[in-house]
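These notes concern the structure reproduced below.
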Amino acid sequence: MEEDYLIRALAKETGVRALICVTTQTAREGAQRHGAAATPAAALGRALTAGALMGALLKIQQRVALKFEGNGPLRKLVVESNSYGKVRGYVLEPTADVPLRRDEPDVAQALGAAGLLTVVKDLRLKELAESVVPLATSDIAGDLEAYLVQSEQVPSLVQIGVRLNPAGEIAAAGGLLLQSMPPHEADSLTPFREQLQELPPIDNMLLTGQRPESILQEIFGSTPYTILEKRPLIFRCACSWERGEKALVSLGRAELAELLEEEGEAVVECHFCHEQYIYDQAALTALLQRLAS
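Residue numbers (our numbering): 1 to 293.
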């Protein structure tokens, strides 16, 4: 299997930077970990791709979280990513499928027309940077583009796609972000927007075997550009046995003792990856002894 990766490029003469990625394996792992039905799998794949694109805009050791909340059956999608290409995420209702629309997963219908996109950035400052905007299209790509234009004041063009196979499994996933560099000129993106309208959707191109490098060439055409970076992408969760212990300790000594007496064990499950950490009687007793000391 081809590994997921992201390319960062710059067309210096036109003042446009580009991020383009293939996220097929990342999207598949997310869908499989959550047992997602067809449309929730597509929605989660798009959200993970959005996270990968946003993560590539960060500096070293920075992180970003995206929360898509709607009034549709999926209710909520949450993804987190960092500057190293590690992405994780979940869909709150992974089995809440909806009928296909023109043989495509209807992500907008599943997420719901009314809702919010919340973007939280950890920029290694005292306070987290948080922005909240209404969902613009509920299809993830349009919502991310609207956020970048409205909240970050950067002319942007976003395309994200996930293609399913006949069994409802993810066959291809990827995304593209074009932005005007300072001093920002919105019309600098116009020729690229027009070019994208002439090309198949990015997920179609990936499905036919094209890679981000060749897709980038088609988008830029005769416009000279330089590839600045190629970074791997991976579904990677930050949960661990130690984090689970901290969650149990936060319950307090009395509640932990009650849990030990009534259940004899505790199970901590990660929302993001569904990994389960089981703390048996010995483990809970050791935690209680640690709290007592």
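Idealized CB from N, CA, C, for every residue including glycine.
Helix or strand or just coil, what does DSSP make of Phe272? If DSSP states are grouped into helix, strand and coil, Phe272 belongs with coil.
Excluding the 5 residues preceding and the 5 following Arg231 in the sequence, name in chain order all residues of the same chain whose CB lies nearer than 6 Å to its CB. Leu6, Gly85
For Ala18, collect the residues of the same chain with a Cβ closer than 6 Å to its Cβ; drop the 5 residues on either side in sequence, then sort them by chain order. When the five nearest sequence neighbours on each side are left out, the beta carbons in the same chain lying within less than 6 Å of the beta carbon of Ala18 are those of Ala9, Leu178, in order along the chain.
By the 10 Å Cβ neighbour count, where 16 or more other Cβ atoms means buried, how is Glu145 classified, buried or exposed? Under this definition Glu145 is a buried residue.
Out of Val149, Val87, Val16, state which residue places its alpha-carbon closest to the alpha-carbon of Val133. Val149
Residue ranges of each beta strand (DSSP E) run of no fewer than 3 residues wholly in the region 76-136, ordered along the chain? Whole beta strand (DSSP E) segments, 3+ residues: 76-82, 86-91, 115-122, 129-134.
Which of helix, strand or coil DSSP assigns to Gly142: helix
Mind checking Leu125: buried by the 16 CB within 10 Å criterion, or exposed? Exposed, because fewer than 16 other Cβ atoms sit within 10 Å of the Cβ of Leu125.
Taking 6 Å as the limit between beta carbons, can you name the residues of its chain near Thr118, skipping five residues before and five after? Lys67, Val132
Classify Thr285 as helix, strand or coil using the three-state DSSP reduction. helix
For the beta strand (DSSP E) that Arg163 lies in, which residues bound it at each end? 156-164
Do Val87 and Thr26 have their C-beta atoms within less than 8 Å of each other? yes
What's the gap between the Cα of Thr137 and the Cα of Pro73? 16 Å
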